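S.K.:
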Amino acid sequence: MKTRLTDNTFTFLTLLLLIAIGFFIVSHFTPLHADDYNYHFINSPEEIRNVNPWPGFMSFYTDNFAGVARIVPHMFVALFTDITGKGTFNIFSTVGFILLCYLLAAVATPDKRLRLPVTLLAAALIWFAIPGVFEACLWMAGACNYLFVAIIILVFYRSITSDTTCVTPLWSLPLWFAFGFLTGWTNEGFTTGLSAGCALHFIVLQRDKLNAQRIAMLSGLLAGTMLICLTPFNLYRFIIGHSGDFSLHSSLMSIFSSLSSMTNIRIAFLLVIMAVLLKVSRHVTKTEARDFIKSHSIIITAWVVSFAFIVMAGHTMGHSRFPTEFFALILLLSATCRFFSSHAVKISSLSCGLAMAISFIAVIPHTKANFASFEDMRRQIIAGDTIITSDNIYGNSYTSRYSSTITKAMYSPLLYGSKYVVSYYGGTPGAIILTRAIYSMLTNADTTRTNHLIDPDTHSTWVDITGRPIPAKATLILHPVNPDKLNFIERILMPYMDRYRMNSYETSDLAILELDGRRWLVIKEYPFLTPRIKEVKIGPD
Numbered sequence: 117m118k119t120r121l122t123d124n125t126f127t128f129l130t131l132l133l134l135i136a137i138g139f140f141i142v143s144h145f146t147p148l149h150a151d152d153y154n155y156h157f158i159n160s161p162e163e164i165r166n167v168n169p170w171p172g173f174m175s176f177y178t179d180n181f182a183g184v185a186r187i188v189p190h191m192f193v194a195l196f197t198d199i200t201g202k203g204t205f206n207i208f209s210t211v212g213f214i215l216l217c218y219l220l221a222a223v224a225t226p227d228k229r230l231r232l233p234v235t236l237l238a239a240a241l242i243w244f245a246i247p248g249v250f251e252a253c254l255w256m257a258g259a260c261n262y263l264f265v266a267i268i269i270l271v272f273y274r275s276i277t278s279d280t281t282c283v284t285p286l287w288s289l290p291l292w293f294a295f296g297f298l299t300g301w302t303n304e305g306f307t308t309g310l311s312a313g314c315a316l317h318f319i320v321l322q323r324d325k326l327n328a329q330r331i332a333m334l335s336g337l338l339a340g341t342m343l344i345c346l347t348p349f350n351l352y353r354f355i356i357g358h359s360g361d362f363s364l365h366s367s368l369m370s371i372f373s374s375l376s377s378m379t380n381i382r383i384a385f386l387l388v389i390m391a392v393l394l395k396v397s398r399h400v401t402k403t404e405a406r407d408f409i410k411s412h413s414i415i416i417t418a419w420v421v422s423f424a425f426i427v428m429a430g431h432t433m434g435h436s437r438f439p440t441e442f443f444a445l446i447l448l449l450s451a452t453c454r455f456f457s458s459h460a461v462k463i464s465s466l467s468c469g470l471a472m473a474i475s476f477i478a479v480i481p482h483t484k485a486n487f488a489s490f491e492d493m494r495r496q497i498i499a500g501d502t503i504i505t506s507d508n509i510y511g512n513s514y515t516s517r518y519s520s521t522i523t524k525a526m527y528s529p530l531l532y533g534s535k536y537v538v539s540y541y542g543g544t545p546g547a548i549i550l551t552r553a554i555y556s557m558l559t560n561a562d563t564t565r566t567n568h569l570i571d572p573d574t575h576s577t578w579v580d581i582t583g584r585p586i587p588a589k590a591t592l593i594l595h596p597v598n599p600d601k602l603n604f605i606e607r608i609l610m611p612y613m614d615r616y617r618m619n620s621y622e623t624s625d626l627a628i629l630e631l632d633g634r635r636w637l638v639i640k641e642y643p644f645l646t647p648r649i650k651e652v653k654i655g656p657d
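Numbering (the working numbering), first residue to last: 117 to 657.
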């Protein structure tokens, strides 16, 4: 009798291999980006210095003991940036992506016959649904902070929840503590939720399951999490999330703004929809639902706490949602495996895996074109050009999810972007990297007819100050906000937030660039203000 397609292991393995190959190719065509250069340098306000032989580890040291303190993932970044290279990272990220999906399947179901199909399902859900997949899985520094950390989180979770009758040797307890501590010292987005979940489960709900090994692991996890959350840069991030103002009004507005940007948490929405459908259809009894909640109390708590942490911190970037979506994904996969038939799980996995494999037909050409633009820029740097121009390759709403334009990879002139990249590839000191679009605008600009130019790629504002003293500040004169161009949430916020009501904005966050005999004042993008700029007034020197 012929084997059904859904029972054919070879079919699932073939799809998984195609996905791994596609992921590797996309990773290969993903150039170095933003922080990948940052970790190669020690920087100061006066200069950017390259410290040999392992500059990344020196930068990693200063960053982690004075800044954000994600010591474990940043060691990975330093390793790939300065020692093994991008090619090695491409292999590790591909293996890591498949390993992450397999571990998700292993956590979701004890049925080994479903592990392979659920691995495919997990891969497709991450690829299509989780926000910030480029930053979290393809970008080198991002993958070290999210993809690899997620693997560590799952290994820790399986270790602390595994039931074993073996007696833990006394000598191994410091090692279990160290494992917990290093896990907590990875990424606060993951570990705040995991710490809360483990503490609630083992200290409150299942205290009888506490043993020496779990006490050591939990103590280490809590210590590492506390250390990373209380570091200077994370405290600074939290303050910035509230605009430096802890008033009730400011805090509520920051929280509301963060919540309004949560429309991209697709896994959470799928999980809620599944729960509602199971409830309405009465497919799951109350006893089964209670058992599921009880057996997944750690992950449910981690999901809720990580969501609250991200909102309270005021994060709005897509990849900042990865931790909370990661915990939601565990719950979604677990519920799928528990409450649906194995045949339904396999059919869903096969369909999603096939869709992901086919998606590379569109994604790979786009990332290849983006990589070609990057290589063109790199060749100009190596050739010693002082003005390097490149093209931004924009994809559609789907393909752009898996890449980032060259401009974003270079930072802006205000953040030493050109200096980082030029120095990394051994170019001429002082060389400038611009997109061809803004370079054409600057060289052909008639400043007698326009007060300022706005870069269509970086959205930075440029003002010609040739023959004038370098100013200390600039004032942006703004057009009034047009309520008809705001979405529903923004219309609610408009009466309460200054960024919608202000008519001008003063900034001293400026950069100066000399280009073809002209001096330009560069003002970074302000997402809510730049589109409203009517005029730029130069302040006193």
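Ideal placement from N, C-alpha and C gives every residue a C-beta, glycine not left out.
Note that the structure is predicted; figures quoted are calculated from it, not measured.
On the three-state DSSP scale, how would you describe L641?
M.R.: In the sequence shown, counting from the first residue as 1, residue 641 sits at position 525. Reading off the sequence shown, one finds Glu at residue 641, where the question assumed Leu. Here E641 sits in coil by DSSP.
S.K.: Under a three-way DSSP split, which group does I242 fall into?
M.R.: Mapped onto the sequence shown, residue 242 falls at position 126. Correct three-state label for I242: helix.
S.K.: Is it buried or exposed, T566, if we count other Cβ atoms within 10 angstroms and call 16 or more buried?
M.R.: Position 450 of the sequence shown, counting from 1, holds the residue named residue 566. By the neighbour-count rule (16 or more Cβ atoms within 10 Å), T566 is not buried but exposed.
S.K.: Straight-line CA distance for I344 to P439?
M.R.: Against the sequence shown, residue 344 aligns to sequence position 228. Against the sequence shown, residue 439 aligns to sequence position 323. Approximately 16 Å, taken between the alpha carbons.
S.K.: In the DSSP assignment, find the unbroken alpha helix (DSSP H) run with S624 in it and report its ends.
M.R.: Indexing the sequence shown from 1 puts residue 624 at position 508. Run containing S624: none; DSSP gives neither H nor E here.
S.K.: Do you know offhand how far L386's Cα is from L129's?
M.R.: For the purposes of this step, residue 386 is identified with residue 270 of the sequence shown, where counting begins at 1. For the purposes of this step, residue 129 is identified with residue 13 of the sequence shown, where counting begins at 1. Between L386 and L129, the C-alpha separation is close to 26 Å.
S.K.: Is L220 closer than 8 Å to L449 when the C-beta atoms are compared?
M.R.: Within the sequence shown, residue 449 is the residue found at index 333, counting from 1. Within the sequence shown, residue 220 is the residue found at index 104, counting from 1. Contact flag set, yes.
S.K.: Who are D507's beta bridge partners in DSSP?
M.R.: If you number the sequence shown from 1, residue 507 lands on position 391. Answer is none; D507 lacks a bridge partner.
S.K.: Return the first residue and the last residue of the alpha helix (DSSP H) that L594 is part of.
M.R.: Your numbering for residue 594 matches position 478 in the sequence shown. Counting along the chain, L594 falls outside any alpha helix (DSSP H), though it belongs to the beta strand (DSSP E) covering A590 to L594.
S.K.: Considering only residues of the same chain and omitting the five flanking positions on each side of A391, which have a CB-CB separation below 8 Å?
M.R.: Position 275 of the sequence shown, counted from the start, is the residue given in the question as residue 391. For A391, where only same-chain residues beyond five positions count, the Cβ hits under 8 Å are A451.
S.K.: Rounded to the nearest angstrom, how far is the Cβ of F208 from that of F487, given a contact under 8 Å?
M.R.: In the sequence shown, counting from the first residue as 1, residue 208 sits at position 92. In the sequence shown, counting from the first residue as 1, residue 487 sits at position 371. About 19 Å separates the two Cβ atoms, so there is no contact after all.
S.K.: Count the other CB atoms within 10 Å of the CB of I383; is the residue buried (16 or more) or exposed (fewer)?
M.R.: Reading the sequence shown from its first residue, position 267 is the one you call residue 383. By the 10 Å Cβ count, I383 comes out buried.
S.K.: Tell me whether the region 287-305 and the region 271-278 touch, counting them as touching only if at least three CB pairs, one residue from each stretch, are closer than 8 Å.
M.R.: Touching, per the Cβ criterion.
S.K.: Report the residue from Y536, L291, T551 and A238 whose alpha carbon sits nearest the alpha carbon of D573.
M.R.: Sequence index remark: in the sequence shown, residue 573 carries index 457 (1-based). Answer by Cα proximity: T551.
S.K.: Enumerate in chain order the residues of its own chain whose CB-to-CB distance from C453 is below 8 Å, with the five nearest sequence positions on each side excluded.
M.R.: Position 337 of the sequence shown holds residue 453. The answer, listed in chain order, is A224, T225, D227, L230, V234 and V461.
S.K.: Could you say which of S467, I503 and I654 lies nearest to S556 if we only look at CA atoms?
M.R.: Against the sequence shown, residue 556 aligns to sequence position 440. Comparing Cα positions, the closest option is I503.
S.K.: Would you mind stating whether S506 and I549 have Cβ atoms separated by less than 8 Å?
M.R.: Locating residue 506 in the sequence shown gives position 390, counting from the first residue. Locating residue 549 in the sequence shown gives position 433, counting from the first residue. Yes. Within cutoff.
S.K.: Are there 16 or more other CB atoms within 10 angstroms of the CB of T204, so buried, or fewer, so exposed?
M.R.: The count along the sequence shown starts at 1 and reaches residue 204 at position 88. It is exposed - the Cβ of T204 has fewer than 16 other Cβ atoms within 10 Å.
S.K.: Residues in the same chain with beta-carbon distance under 6 Å from D571, minus the five sequence neighbours each way, listed in chain order, please.
M.R.: Here residue 571 corresponds to residue number 455 of the sequence shown, with the count starting at 1. Here the set comprises I554.
S.K.: Less than 8 Å between the C-beta atoms of G212 and I268, yes or no?
M.R.: Numbered from its first residue, the sequence shown carries residue 212 at position 96. Numbered from its first residue, the sequence shown carries residue 268 at position 152. No, the Cβ-Cβ distance between G212 and I268 is not below 8 Å.
S.K.: What span of residues does the alpha helix (DSSP H) with I415 cover, start to end?
M.R.: Numbered from its first residue, the sequence shown carries residue 415 at position 299. I415 -> alpha helix (DSSP H) spans S413 to M428.
S.K.: From the DSSP output, which residues share a beta bridge with T551?
M.R.: Looking up residue 551 in the sequence shown gives position 435. In the DSSP output, where bridge partners are listed per residue, T551 has S506.
S.K.: Alpha helix (DSSP H) containing W292: first to last residue?
M.R.: Here residue 292 is taken as the residue at index 176 of the sequence shown, counted from 1. Unbroken alpha helix (DSSP H) run through W292: L289 to G300.
S.K.: Using a Cβ-Cβ cutoff of less than 7 Å, which residues in the same chain neighbour L131 once the five nearest sequence positions on both sides are dropped?
M.R.: Position 15 of the sequence shown, counting from 1, holds the residue named residue 131. Contacts found: L236, G469, L470 and A473.
S.K.: By Cβ distance below 8 Å, which residues in the same chain neighbour G360 in space, the five residues on each side in sequence not counted?
M.R.: In the sequence shown, the residue the question calls residue 360 occupies position 244. Model confidence at G360 stands at a pLDDT of 48, short of 50, so the residue's coordinates are unreliable; what they give is reported in the following sentence. None.
S.K.: Go ahead and pull the three-state DSSP assignment for I344.
M.R.: Here residue 344 corresponds to residue number 228 of the sequence shown, with the count starting at 1. Note: I344 maps to helix in three-state DSSP.
S.K.: For T621, tell me which candidate among P647, L609 and K601 has the shortest Cα-Cα distance.
M.R.: Position 505 of the sequence shown, counted from the start, is the residue given in the question as residue 621. Just to set this straight, residue 621 is Tyr in the shown sequence, not Thr. The residue with the shortest Cα to Cα distance from Y621 is P647.
S.K.: Taking contact to mean at least 3 C-beta pairs separated by less than 8 Å, is the region 585-592 in contact with the region 623-633?
M.R.: Touching, yes.
S.K.: Against chain C, with Cβ distances strictly below 8 Å, would A239 count as a contact?
M.R.: Among the chains in the structure shown there is no chain C, since it carries only a single protein chain.
S.K.: For E162, which residues in the same chain have their Cβ closer than 6 Å to its Cβ, ignoring the five residues on either side in sequence?
M.R.: Indexing the sequence shown from 1 puts residue 162 at position 46. Caution is warranted here: a pLDDT of 38 is assigned to E162, below 50, making its placement in the model unreliable, and the coordinate value is therefore given only provisionally. Hits under 6 Å: none found.
S.K.: Checking 8 Å against the spacing of the C-beta atoms, do I741 and G305 come in under that value?
M.R.: Within the shown structure, residues of the chain are numbered from 117 to 657, placing residue 741 beyond reach of any answer.
S.K.: If you drop the 5 nearest sequence neighbours on each side, which residues of the same chain put their C-beta closer than 7 Å to that of N124?
M.R.: Numbered from 1 along the sequence shown, position 8 holds the residue referred to as residue 124. Cβ within range, chain order: n/a, list empty.
S.K.: Name the residue from D151, M378, Y612 and W301 whose alpha carbon lies nearest to the alpha carbon of S335.
M.R.: Position 219 of the sequence shown, counting from 1, holds the residue named residue 335. Of the candidates D151, M378, Y612 and W301, the one whose C-alpha sits nearest the C-alpha of S335 is W301.
S.K.: Reducing DSSP to helix, strand and coil, say where D562 ends up.
M.R.: The count along the sequence shown starts at 1 and reaches residue 562 at position 446. Residue state, collapsed to three classes: coil.
S.K.: For I570, which of helix, strand or coil comes out of DSSP?
M.R.: Mapped onto the sequence shown, residue 570 falls at position 454. Three-state result, I570: strand.
S.K.: What's the call for E441, buried or exposed, on a 16-neighbour Cβ count within 10 Å?
M.R.: What you label residue 441 is simply residue 325 of the sequence shown in a count that begins at 1. By the neighbour-count rule (16 or more Cβ atoms within 10 Å), E441 is buried.
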